[in-house]
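Participant: Before we start, here is the structure in question, set down as C-alpha cells.
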Amino acid sequence: MTKAIKWFYWLLDFRFLPDRLQNWLFGTGTRIIEVLNGFAMLGFALVFGLHGDEIIKEDLYGKFPHLYPKVFVTILILVAIGQLFTAFCHSSRSNILSGCCLLWSALIWFVISGTFIAAYPPLSTGMTTYPLIAIICALAGRNLIKNTQQAEDKKGGK
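Per the numbering used here, the sequence shown runs over residues -15 to 142.
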C-alpha cells in the first residue's frame, strides 16, 4: 500500500486524535449518532407512512414514488428499530451490528438525497442535509466496526 493511501486511512480512521478522545468518539459520540439517526428514520417513516400520498404530490417530493413508498417505509422502520436496539446494547457483536445499521442508514440517506437532487429545480435543503447525514453515518459505522475489531484483536492477543 502506498504511503498516501496509508495517510488517507489514518485520517479516515481518526487515528490522529488522542486515545481518550477516540474512545469517547467511538463510544458515547457514536451512540449519540446511532440514537439520533434511529429516531430520525422513524420520524421520516412515520410521516411518510401516515401522509405519504399527500407529500408525494408536492413538487419537492415528486421523485419519491420511484422508491415504492410502502417498501421504503418498511425498510426505514426495520433499519431504525435495528439501529435503536443495537445502540443500547454494549457488546462487540452489538457494536458490529450497529455499525452495519449505520452503513445501511447511510445508503438510505444517500437514496433520499438522490430523490431531492432528481427533483431539481427547485433547490432544497434535502440536497445538502441528507448527504451530510449519510456521510456522518457512513464514517461512524465504518469506524465503529473497525474500532471494535481492533479492540477484539487486542483482547485476543493478535
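For glycine and all other residues, C-beta sits at the position ideal for the given N, C-alpha and C.
Would you mind stating whether Ala152 and Asp43 have Cβ atoms separated by less than 9 Å?
Facilitator: Residue 152 lies beyond the range of the chain shown here (-15 to 142); nothing can be said about it.
Participant: Tell me which same chain residues have a C-beta within less than 6 Å of the C-beta of Trp88, skipping the five on either side of it?
Facilitator: The residue given as residue 88 occupies position 104 in the sequence shown. Counting only Cβ-Cβ distances below 6 Å, and skipping sequence neighbours, we find Val63.
Participant: Can Thr12 and Asn79 be called in contact, C-beta distance under 9 Å?
Facilitator: Reading the sequence shown from its first residue, position 28 is the one you call residue 12. Reading the sequence shown from its first residue, position 95 is the one you call residue 79. Contact flag unset, no.
Participant: Which same chain residues end up closer than 7 Å to Asp(-3) when comparing Cβ atoms and leaving out the 5 residues on each side of it in sequence?
Facilitator: As a working mapping, residue -3 is identified with position 13 in the sequence shown. Asn127, Lys130, listed in sequence order.
Participant: Under the three-state reduction of DSSP, which class applies to Gly22: helix, strand or coil?
Facilitator: Translated into the one-based positions of the sequence shown, residue 22 becomes position 38. Three-state result, Gly22: helix.
Participant: How would you call Ala90, buried or exposed, if buried means at least 16 neighbouring beta carbons within 10 angstroms?
Facilitator: Working through the sequence shown from its first residue, we reach residue 90 at position 106. With 16 or more other Cβ atoms within 10 Å, it is buried.
Participant: Indicate whether Phe28 and Thr99 have their beta-carbon atoms separated by less than 9 Å.
Facilitator: Walking along the sequence shown from the start, residue 28 turns up at place 44. Walking along the sequence shown from the start, residue 99 turns up at place 115. Not closer than 9 Å, so no.
Participant: For Gly83 and Gly125, which I take to be in contact (beta-carbon distance under 8 Å), what is that distance rounded to the nearest angstrom?
Facilitator: The residue given as residue 83 occupies position 99 in the sequence shown. The residue given as residue 125 occupies position 141 in the sequence shown. About 4 Å; that satisfies the 8 Å criterion.
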